[in-house]
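Visitor:
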Amino acid sequence: MAVGEVVRTDAMTDDQLMLEFRDGDDGAFDALFGRYYQSVYRFARAMLADGAAGEEVLQESFLAVARSAESYQARGTFRAWLMRIVRNRCLNHRQAMKARIFGQERVEANQVAAQRPGPLLVLEQQEELDGVRKAIAYLPPPQREALLLHVMEQMPYVEVAAVMDIPVNTVKTLIHRARANLIEATGGKDTNHDM
Amino acid sequence: MTCDIRLEQLSALLAGELDVTQTQVLRQHIERCPACATLAARLQDIDQQFRSAVDQPVPPEAARRARQAMHAAVQRQPTPEIMTLDEVGQCLRLTPSQLAQILEQLPSFSVAGEVRIRRDRLMQWVKDQEQQAFRDRVRSQAARSIRMAFEQGIAS
Chain D
1 MAVGEVVRTD AMTDDQLMLE FRDGDDGAFD ALFGRYYQSV YRFARAMLAD
51 GAAGEEVLQE SFLAVARSAE SYQARGTFRA WLMRIVRNRC LNHRQAMKAR
101 IFGQERVEAN QVAAQRPGPL LVLEQQEELD GVRKAIAYLP PPQREALLLH
151 VMEQMPYVEV AAVMDIPVNT VKTLIHRARA NLIEATGGKD TNHDM
Chain H
196 MTCDIRLEQL SALLAGELDV TQTQVLRQHI ERCPACATLA ARLQDIDQQF
246 RSAVDQPVPP EAARRARQAM HAAVQRQPTP EIMTLDEVGQ CLRLTPSQLA
296 QILEQLPSFS VAGEVRIRRD RLMQWVKDQE QQAFRDRVRS QAARSIRMAF
346 EQGIAS
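Each protein sequence line maps, in turn, to chains D and H.
Just so you know, the working numbering puts 49 at position 49 of the first sequence, and the rest follows in order with no gaps.
In the working numbering, each residue carries its 1-based index in the second sequence increased by 195.
(1) Going along the region 130-163 of chain D in order, which residues come within less than 8 Å of chain H, judged by CB to CB distance?
(2) Count the other CB atoms, across all protein chains shown, that sit within 10 Å of the CB of residue 42/D; report buried if there are 16 or more and exposed otherwise.
(3) Report the three-state DSSP secondary structure of residue 110/D (helix, strand or coil).
(4) One question on the structure: do residue 250/H and residue 155/D come within less than 8 Å of each other, judged by their Cβ atoms?
(5) Between residue 203/H and chain D, is any beta-carbon pair separated by less than 8 Å?
(6) To which residues of the same chain is residue 20/D closer than 6 Å at the C-beta, ignoring the five residues directly before and after it?
(7) Distance check for residue 165/D and residue 257/H, CA to CA, integer angstroms please.
(8) Identify the residues that DSSP records as bridge partners of residue 305/H: which are they?
(9) DSSP three-state call for residue 341/H: helix, strand or coil?
(10) Less than 8 Å between the C-beta atoms of residue 313/H and residue 276/H, yes or no?
(11) Buried or exposed: which applies to residue 93/D, given that a residue is buried once 16 or more other Cβ atoms fall within 10 Å of its Cβ?
(12) For chain H, is any of its Cβ atoms less than 8 Å away from the one on residue 77/D?
(13) Could you check whether the Cβ of residue 64/D sits closer than 8 Å to any Cβ belonging to chain H?
(14) Check residue 277/H in the structure and name its three-state DSSP category.
(15) By the DSSP assignment, the alpha helix (DSSP H) with residue 252/H in it spans what residues?
(16) Which residues of chain H have a Cβ atom closer than 7 Å to the Cβ of residue 183/D, listed in chain order?
(17) Are any of the Cβ atoms in chain H nearer than 8 Å to that of residue 55/D?
(18) Residues of chain H with CB closer than 8 Å to the CB of residue 175/D, please, in chain order.
(19) Taking a contact to mean a Cβ-Cβ separation below 8 Å, would you say residue 213/H touches residue 234/H in this structure?
(20) Answer with buried or exposed for residue 322/H, where buried requires no fewer than 16 other C-beta atoms within 10 angstroms of its C-beta.
(21) Since I believe residue 34/D is in contact with residue 44/D (beta carbons under 8 Å), could you give me their beta-carbon distance rounded to a whole number of angstroms?
(22) Could you check whether residue 186/D and residue 138/H sit closer than 8 Å to each other, using their CB atoms as the reference points?
(23) Residue 16/D by DSSP, collapsed to three states: which one?
(24) Would you grab the beta carbon distance between residue 174/D and residue 142/D for me? Rounded to a whole angstrom, and I think it's under 8 Å.
(25) Since residue 37/D is in the alpha helix (DSSP H), which residue starts that stretch and which ends it?
(26) Residues of chain D with CB closer than 7 Å to the CB of residue 248/H, please, in chain order.
(27) Can the beta-carbon of residue 84/D be found closer than 8 Å to that of residue 163/D?
(28) Residue 265/H touches chain D at which residues, Cβ-Cβ below 8 Å?
The structure is reproduced here in structure tokens:
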């Protein structure tokens, strides 16, 4: 891609890039990929606790974006739409992972599978986890998702709500509970205090 | 004395979800309340720890593989001459259930138990639908004009 083209795509909105791609400019799709591949991988890897699965979701998600270009509606919500695709792919992978893990004959996998939150710990235990990572692994998935989208991807509550297809007030509650759980799990005191 | 400020309010402050007045009031309170100041700091700290724990960059090889897969996927492929029902649905912007309702009208054929449609036949069918819709509109307008003329004739 020529320098002039890089400058041009950097100045374009996500919607503009999608429309350019729809009209035949493959470089526009490459620019969108460059803009979001880190966020997609980071979210998928954190959701699935597995780098290989994160890479699969990365490819699947952008393939889905490419296939949807013809019918894409430019409404200024590309990021939320993309992350919704990623989230759905993660949910599919999680279901498949649960089925694989519960079918395994490894004793340690069966023992871990009996614990909460369940299958994700099998993957997490392959790394040395510090207190925060363990606490994150124990967060209920909706809390983890909401916190990932809000803290890592810096999405406002309303955008998180659009990705997760839940009311904004539910997002507030999920994020508040996620933070409270992490604080308590990492040795924090009671989060409601008296003076 | 009880501080009624709860974690949820501090969480909203950190998220930038409070209005200007609420933000100002809460910030002033934090300056006077050591417990809330500690909690606010703990919130920021836990967010930072969260970021550090989950911020996993894409391995360079994984990024390269993904880019290659994307480039291969977006290469403009020749339009398939024979279409599946999924492709027909996408082409006509119809959901599977909507497509099922008009399936009998489509110029389809079956091969190995699967329904397929030739692209040129589908496009001809679309053109026929457009022409039929146009004729229907013309007939409808003509009928309306005749009725109005008849009613005006009776009236006079």
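Using N, Cα and C, we set each Cβ at its ideal position, and we do this for glycine too.
Here the structure is a predicted model, which is why all the values come from computation and not from measurement.
Guide: In this structure, then:
(1) Of all residues in the region 130-163 of chain D, 130, 132, 133, 136, 147, 148, 150, 151, 152, 156, 157 have a Cβ within less than 8 Å of some Cβ in chain H.
(2) Within the first sequence, residue 42/D is the residue found at index 42, counting from 1. In summary, residue 42/D is buried, with 16 or more beta-carbon neighbours lying within 10 Å of its beta-carbon over all protein chains present.
(3) Here residue 110/D is taken as the residue at index 110 of the first sequence, counted from 1. Because the pLDDT of residue 110/D is 49, which lies under 50, any placement of that residue in the model is unreliable, and the number read from its coordinates should be weighed accordingly. In the three-state reduction of the DSSP assignment, residue 110/D falls in the helix class.
(4) Taking the first residue of the second sequence as 1, we reach residue 250/H at position 55. Taking the first residue of the first sequence as 1, we reach residue 155/D at position 155. No, the pair does not count as a contact, with Cβ atoms beyond the cut-off.
(5) Within the second sequence, numbered from 1, the residue matching residue 203/H stands at position 8. Contact with chain D is found for residue 203/H, since one of that chain's Cβ atoms lies less than 8 Å from the residue's Cβ.
(6) What you label residue 20/D is simply residue 20 of the first sequence in a count that begins at 1. Within the same chain, and ignoring the five residues on either side of residue 20/D in sequence, the residues whose Cβ sits closer than 6 Å to its Cβ are 28.
(7) Looking up residue 257/H in the second sequence gives position 62. Looking up residue 165/D in the first sequence gives position 165. Their Cα atoms are separated by approximately 30 Å.
(8) Here the question's residue 305/H lines up with position 110 in the second sequence. Partner(s): 310/H.
(9) Along the second sequence, one-based indexing puts residue 341/H at 146. DSSP places residue 341/H in helix when its eight states are reduced to three.
(10) Your numbering for residue 313/H matches position 118 in the second sequence. Your numbering for residue 276/H matches position 81 in the second sequence. Going by beta carbons, residue 313/H and residue 276/H fall inside the 8 Å limit.
(11) Position 93 of the first sequence holds residue 93/D. By the Cβ neighbour-count rule, residue 93/D is buried, with 16 or more other Cβ atoms within 10 Å of its own.
(12) Here residue 77/D corresponds to residue number 77 of the first sequence, with the count starting at 1. So no, residue 77/D is outside the interface.
(13) Mapped onto the first sequence, residue 64/D falls at position 64. No, residue 64/D does not count as interfacial toward chain H.
(14) Residue numbering aside, residue 277/H sits at position 82 when the second sequence is read from its first letter. DSSP places residue 277/H in strand when its eight states are reduced to three.
(15) As a position in the second sequence, residue 252/H is number 57, starting the count at 1. Premise fails: residue 252/H is in no alpha helix (DSSP H) and is neither H nor E.
(16) Here residue 183/D refers to the residue found at position 183 of the first sequence. Ordered by position in chain H, the residues that pass the 7 Å Cβ test against residue 183/D are 237, 241.
(17) For the purposes of this step, residue 55/D is taken as the residue at position 55 of the first sequence. It does; some Cβ of chain H falls within 8 Å.
(18) Along the first sequence, one-based indexing puts residue 175/D at 175. By Cβ distance, chain H contributes 206, 210.
(19) Residue mapping note: residue 213/H aligns to position 18 of the second sequence, counting from 1. Residue mapping note: residue 234/H aligns to position 39 of the second sequence, counting from 1. Contact flag unset, no.
(20) Position 127 of the second sequence holds residue 322/H. Residue 322/H sits exposed, since fewer than 16 C-beta atoms from the chains shown fall within 10 Å of its C-beta.
(21) As a working note, residue 44/D is residue 44 in the first sequence. As a working note, residue 34/D is residue 34 in the first sequence. Taking the Cβ atoms as the reference, residue 44/D lies roughly 17 Å from residue 34/D, outside the contact range of under 8 Å.
(22) With chain H covering 196 to 351 only, the question about residue 138/H has no answer from this structure.
(23) On the first sequence, position 16 is the one that residue 16/D refers to. When secondary structure is reduced to three states using DSSP, residue 16/D falls in the helix class.
(24) On the first sequence, position 174 is the one that residue 174/D refers to. On the first sequence, position 142 is the one that residue 142/D refers to. 6 Å between Cβ atoms; contact.
(25) In the first sequence, counting from the first residue as 1, residue 37/D sits at position 37. Counting along the chain, the alpha helix (DSSP H) containing residue 37/D begins and ends at 26-48.
(26) Locating residue 248/H in the second sequence gives position 53, where the first residue counts as 1. Going along chain D in sequence order, the residues near residue 248/H (Cβ under 7 Å) are 132, 133, 136.
(27) Position 84 of the first sequence, counted from the start, is the residue given in the question as residue 84/D. Position 163 of the first sequence, counted from the start, is the residue given in the question as residue 163/D. Yes, they are a contact pair.
(28) Reading the second sequence from its first residue, position 70 is the one you call residue 265/H. What residue 265/H touches in chain D, judged by beta-carbon distance under 8 Å, is 29, 30, 33, 59, 62, 63, 66, going in chain order.
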